[in-house]
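Novice: Below is one structure. I have some questions about it.
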Amino acid sequence: MGVGLQPLEFTECLADSPQFRENLQRHEKELERTSQQIKRLIKEVKDVVQAAKSEYSLLVLQRDVGFMCLEWWSVGSLRGGFLHY
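Heads up: the sequence shown at position 71 corresponds to 71 in full-length UniProt numbering, and the numbers run straight through without jumps.
Structure (structure tokens):
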């Protein structure tokens, strides 16, 4: 990890020196890089949330199908066997 950015000084802003402009450019680049990382992180979090919702839906479906199978099995057992078609 490199050395951090030099602070932007108000007095240098008034002088509008080439060094101030270079420092300002470094700050702008760092802000853009940080902004892109935040956007990527937001997208990844949204993807994780969507995956969790999908997994939950699958678990609910598996549970419901399991209950239907148990119900079918119980009804078939009570009638003395399985239903034949």
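Every residue gets a Cβ at the ideal spot worked out from N, C-alpha and C, and that includes glycine. As the structure is a prediction and not an experimental result, all values here were calculated from the model.
DSSP on E9, reduced to helix/strand/coil?
Specialist: Three-state DSSP puts E9 in coil, outside helix and strand.
Novice: Between L5 and R21, which are expected to be in contact by the criterion C-beta below 8 angstroms, what is the C-beta distance as a whole number of angstroms?
Specialist: The pair is not a contact, with the Cβ atoms about 14 angstroms apart (cut-off 8 angstroms).
Novice: Alpha carbon to alpha carbon, what distance is there between Y56 and K46?
Specialist: Going by the C-alpha atoms only, they are around 15 angstroms apart.
Novice: With H, G and I counted as helix, E and B as strand and the rest as coil, what does DSSP make of G66?
Specialist: Of the three classes helix, strand and coil, the one that applies to G66 here is helix, per DSSP.
Novice: What separation, rounded to the nearest whole angstrom, lies between the Cα atoms of V49 and K29?
Specialist: Using only the alpha carbons, I get a separation of about 30 angstroms.
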